[in-house]
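Visitor: I'd like to ask you about the structure that follows.
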Amino acid sequence: MVDGLLEQRKWQEVVQLVYGDSPTRLLYDGDKTELDQRIKQAISPADFEKRGYDGMNLLVKAGKIEMLCETALREDFPLEVAEKLLSQLAKPDDDLWKEGLDTLAQRIEQTSPDKAYEIYQRTQNSPAIQKLYHSLLGDFAPSHFNLMRQMTQKLPYGERATQATQLVKKMLDQPKEKWAPESLGLYRLIQDNSISWDKVPNKKELEQEVGKEIPYDVEKYPFVIQVEWAKHHWEKSPIKAYAIFNDHLTEEYKGPENLECAKAILAMRKNVDLQVNLKPKHMQALYEDTPLEDLDQRIFLARRLGDKEELWRQSAIFSEQKNWQIAYGLLSESDSLDRNQKYSDTLRRKIIQEALTQARQHDYFPYLDLALNDHRGWAMAYEKTINKFPTKAYGIAKQLGDEEKLARVRTRIFEKNALEITAKFFKRNEDQIGYQRSVELLAVKYELPREDILSLVAKM
């Protein structure tokens, strides 16, 4: 019966019959050692994808752990299955477990050194780790650099520095295309172990490659590497790159990327509130390269460069487009309000007229956007508003500090409004002349003592 089951590779049933504790247990009188060998041969890695662990547990109970370990270490057992079996069979502090895993690691050192290292770490086999490291060093391949760096970083400081120096030199002796992808790891290995840069070949090339690879926190690196980063990442981070090129170096970076950064930042101005101060020479270069039809950019740069002639020119362009407010604003910015009185007065009248039209349509007077120092413009606005909108004219007269205009507009306010309203208006504007006159006229109107009128107005 046993023979038939084993021929069918049904070793779990054989284990149940021979080593199980059920009433149907078979009293096997054959050679148990030979039986164990036959069971070992019948076991397949695929068995452990389903119910193989049932049979394994029975063998463990029967004390067949060594036999199972030997089975797990068979060449045809995949590493993950073997590891799982060994983990089930013994505790991490058992010699059998450690020996089994170490045997597995030795078997895969050539094909999977990283996995072998992981196993040696689990078994805390430091001699095996060092042996593996020196084996990799002797047959060095750049693809093993990160693994060897991990091994190195686990050593005590003194040993670590020596081994790190050796590894850096070995890596940098390779062709650049081999070590360049690992430049950031190389740099960190050098920094973490305080390796003297005098002992580092290809220092400049390494710094260049590190600059390409830094993913973030570029500020933590020396300026020479920051510059390399900026040269390769300015398109994605022009503001940060521009700051590196210009703000942190004793001598400004003169490569073409600097101006390209400024150009990219300038293009961002409509979408972000720029806090970057572009250098005048960069703005001038971009200004000279900006087409005449790109009005927005030319105005932006002209303002920052103080090019008043350009602002004057742009004012005329916007005037032709009947955009009076922008035309006037540019004229004011160019300090040219007195340059051509006829042109300036035309813009003033247009702006005032637009405000008057809105006031008539909406029953309130909009903000009048004239320059504060444009006394001529405000005087024109005063004359246009005193009849229909005297309270607006009153505000203009106060702004100008013109007593003659204030006197005229007070008279107009009295003509246009009830005395009770004028009293409240002048009181609110702290205008004693208008207020006292209102009180006197109210006293006459109601034939009351002045003190009674003051008391009544105070309650309004």
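Take 230 as the starting number for the sequence shown in the numbering used here and just add one per residue. We put the CB at the ideal spot given by N, CA and C, even for glycine. Nothing here was measured: the structure is a model prediction, and the numbers come from that model.
According to DSSP, is Pro485 helix, strand or coil?
Guide: Looking up residue 485 in the sequence shown gives position 256. Here Pro485 sits in helix by DSSP.
Visitor: Using beta-carbon positions only, say whether Leu235 and Val243 come within less than 8 Å of one another.
Guide: As a position in the sequence shown, residue 235 is number 6, starting the count at 1. As a position in the sequence shown, residue 243 is number 14, starting the count at 1. In contact: Leu235 and Val243 (Cβ atoms closer than 8 Å).
Visitor: In the structure shown, what three-state DSSP assignment does Trp463 receive?
Guide: Here residue 463 refers to the residue found at position 234 when the sequence shown is read from its first residue. In this structure, Trp463 counts as coil in the three-state DSSP scheme.
Visitor: I'd like the list of long-range same chain contacts for Ile358, defined as Cβ closer than 8 Å, with 5 residues on each side in sequence excluded.
Guide: Numbered from 1 along the sequence shown, position 129 holds the residue referred to as residue 358. Hits under 8 Å: Tyr346, Tyr349, Gln350, Met380, Lys383.
Visitor: Taking its Cβ as the centre, do 16 or more other Cβ atoms sit within 10 Å of Leu677, making it buried, or is it exposed?
Guide: Numbered from its first residue, the sequence shown carries residue 677 at position 448. Its Cβ having fewer than 16 others within 10 Å, Leu677 is exposed.
Visitor: Could you tell me how far apart the beta carbons of Leu488 and Ala514 are, in whole angstroms, since I believe they sit closer than 8 Å?
Guide: For the purposes of this step, residue 488 is taken as residue 259 along the sequence shown, with counting starting at 1. For the purposes of this step, residue 514 is taken as residue 285 along the sequence shown, with counting starting at 1. With a Cβ gap of about 6 Å, Leu488 and Ala514 count as contacting.
Visitor: Decide if the segment 420–431 is in contact with the segment 454–461; the criterion is three or more beta carbon pairs, one per stretch, under 8 Å apart.
Guide: The segment 420–431, when compared against the segment 454–461, does not touch it at the 8 Å Cβ threshold.
Visitor: Counting only runs of 3+ residues fully inside the segment 384–442, write out the beta strand (DSSP E) ranges in chain order.
Guide: Within the segment 384–442, no complete beta strand (DSSP E) run reaches 3 residues.
Visitor: Please report the straight-line C-alpha distance between Leu264 and His373, rounded to a whole angstrom.
Guide: Taking the first residue of the sequence shown as position 1, residue 264 is located at position 35. Taking the first residue of the sequence shown as position 1, residue 373 is located at position 144. Looking at the two C-alpha atoms, the distance is approximately 45 Å.
Visitor: Can you tell me whether Leu333 is buried or exposed, with buried defined as 16 or more other CB within 10 angstroms of its CB?
Guide: As a working note, residue 333 is residue 104 in the sequence shown. Per the 10 Å Cβ criterion, buried.
Visitor: Round the Cβ separation of Arg568 and Gly606 to the nearest angstrom and send it over; I've been treating them as touching at under 8 Å.
Guide: The sequence position of residue 568 within the sequence shown is 339, counting from 1. The sequence position of residue 606 within the sequence shown is 377, counting from 1. At roughly 14 Å, the Cβ-Cβ gap does not stay under 8 Å, so Arg568 and Gly606 are not in contact.
Visitor: To the nearest angstrom, how far is the alpha carbon of Thr519 from that of Leu559?
Guide: The residue given as residue 519 occupies position 290 in the sequence shown. The residue given as residue 559 occupies position 330 in the sequence shown. Roughly 18 Å between the two C-alpha positions.
Visitor: Determine the burial state of Met230: buried for a count of at least 16 other Cβ atoms within 10 Å of its Cβ, exposed for fewer.
Guide: Here the question's residue 230 lines up with position 1 in the sequence shown. Classification of Met230: exposed, given that the 10 Å Cβ count is below 16.
Visitor: Would you mind stating whether Thr651 and Ile642 have Cβ atoms separated by less than 8 Å?
Guide: Locating residue 651 in the sequence shown gives position 422, where the first residue counts as 1. Locating residue 642 in the sequence shown gives position 413, where the first residue counts as 1. Their beta carbons are under 8 Å apart, which means Thr651 touches Ile642 by this criterion.
Visitor: Within 10 Å of its beta-carbon, does Arg679 have 16 or more other beta-carbons around it, so buried, or fewer, so exposed?
Guide: Start at 1 with the first residue of the sequence shown, and residue 679 comes out as number 450. So Arg679 ends up on the exposed side.
Visitor: Roughly how many whole angstroms lie between the Cα atoms of Ala491 and Leu507?
Guide: The count along the sequence shown starts at 1 and reaches residue 491 at position 262. The count along the sequence shown starts at 1 and reaches residue 507 at position 278. So the alpha carbons of these two residues sit roughly 7 Å apart.
Visitor: Rounding to the nearest angstrom, what Cα-Cα distance links Lys634 and Gln665 in this structure?
Guide: Translated into positions along the sequence shown, residue 634 becomes position 405. Translated into positions along the sequence shown, residue 665 becomes position 436. Spanning the two alpha carbons is a distance of roughly 18 Å.
Visitor: How many Å lie between Val247 and Asp305 at the Cα?
Guide: For the purposes of this step, residue 247 is taken as the residue at position 18 of the sequence shown. For the purposes of this step, residue 305 is taken as the residue at position 76 of the sequence shown. Taking the straight line joining both Cα atoms gives about 26 Å.
Visitor: Which whole-angstrom value describes the C-beta separation of Thr352 and Asp331, a residue pair presumed to lie in contact below a C-beta threshold of 8 Å?
Guide: Along the sequence shown, read from residue 1 onward, the residue named residue 352 stands at position 123. Along the sequence shown, read from residue 1 onward, the residue named residue 331 stands at position 102. The Cβ separation is near 6 Å, so the contact holds.
Visitor: Grouping DSSP H, G and I as helix and E and B as strand, with all else coil, what is Ala556?
Guide: As a first step, residue 556 must be located in the sequence shown, where it is residue number 327. Helix.
Visitor: Round the Cβ separation of Ala311 and Leu302 to the nearest angstrom and send it over; I've been treating them as touching at under 8 Å.
Guide: Against the sequence shown, residue 311 aligns to sequence position 82. Against the sequence shown, residue 302 aligns to sequence position 73. Contact flag correct, Cβ pair sits at about 7 Å.
Visitor: If you run the structure through DSSP and keep just helix, strand and coil, what is Arg238?
Guide: Taking the sequence shown and counting its residues from 1, the one referred to as residue 238 is at position 9. Of the three classes helix, strand and coil, the one that applies to Arg238 here is coil, per DSSP.
Visitor: Among Ser573, Pro619, Lys551, which has the Cα closest to the Cα of Leu599?
Guide: Against the sequence shown, residue 599 aligns to sequence position 370. Cα-wise, what sits closest to Leu599 is Ser573.
Visitor: At 4 residues or longer, what runs of the alpha helix (DSSP H) sit wholly inside the segment 647–689?
Guide: Qualifying alpha helix (DSSP H) stretches, in chain order: 648–657, 661–675, 679–687.
Visitor: Near Ile272, what residues of its chain come up, given a Cβ to Cβ distance below 7 Å and the 5 sequence neighbours on each side ignored?
Guide: Looking up residue 272 in the sequence shown gives position 43. Correct list, in chain order: Trp240, Thr300.
Visitor: Work out the CA separation of Ile468 and Val505 for me, nearest whole Å.
Guide: In the sequence shown, residue 505 corresponds to position 276, counting from 1. In the sequence shown, residue 468 corresponds to position 239, counting from 1. Roughly 7 Å separates the two Cα atoms.
Visitor: Taking 6 Å as the limit between beta carbons, can you name the residues of its chain near Leu540, skipping five residues before and five after?
Guide: Within the sequence shown, residue 540 is the residue found at index 311, counting from 1. Correct list, in chain order: Ala531, Leu559, Glu562, Ser563.
Visitor: Given Arg267, which residues of its chain have a CB within under 6 Å of its CB, disregarding the five upstream and five downstream residues?
Guide: Residue numbering aside, residue 267 sits at position 38 when the sequence shown is read from its first letter. So the list reads Leu235, once near-sequence residues are dropped.
Visitor: Take the Cβ of Glu486 as the centre, count every other Cβ of all protein chains shown within 10 Å, and call the residue buried at 16 or more, exposed below.
Guide: The residue labelled residue 486 in the question sits at position 257 within the sequence shown. Label assigned to Glu486: buried.
Visitor: Note down the Cα distance separating Phe277 from Ser316, rounded to an integer number of angstroms.
Guide: Stepping through the sequence shown from its first residue, residue 277 is reached at position 48. Stepping through the sequence shown from its first residue, residue 316 is reached at position 87. Cα-Cα distance, rounded: 14 Å.
Visitor: Indicate the three-state DSSP secondary structure (helix, strand or coil) for Val244 in the structure shown.
Guide: Position 15 of the sequence shown, counting from 1, holds the residue named residue 244. Reduced to three states, the DSSP call for Val244 is helix.
Visitor: Among Gly329, Gln270, Phe369, whose alpha-carbon lies nearest the alpha-carbon of Asn354?
Guide: Here residue 354 is taken as the residue at index 125 of the sequence shown, counted from 1. With distances taken between Cα atoms, Asn354 lies closest to Gly329.
Visitor: State the Cα-Cα distance for the pair Leu648 and Met497, rounded to the nearest angstrom.
Guide: Along the sequence shown, one-based indexing puts residue 648 at 419. Along the sequence shown, one-based indexing puts residue 497 at 268. The straight-line gap from Cα to Cα measures roughly 57 Å.
Visitor: Look at the alpha carbon of Gln543 and the alpha carbon of Gln554, and state the distance between them as a whole number of angstroms.
Guide: In the sequence shown, residue 543 corresponds to position 314, counting from 1. In the sequence shown, residue 554 corresponds to position 325, counting from 1. Taking the straight line joining both Cα atoms gives about 12 Å.
Visitor: Using the C-alpha atoms, what's the distance from Lys399 back to Pro444?
Guide: The count along the sequence shown starts at 1 and reaches residue 444 at position 215. The count along the sequence shown starts at 1 and reaches residue 399 at position 170. Approximately 25 Å between the Cα atoms of the pair.
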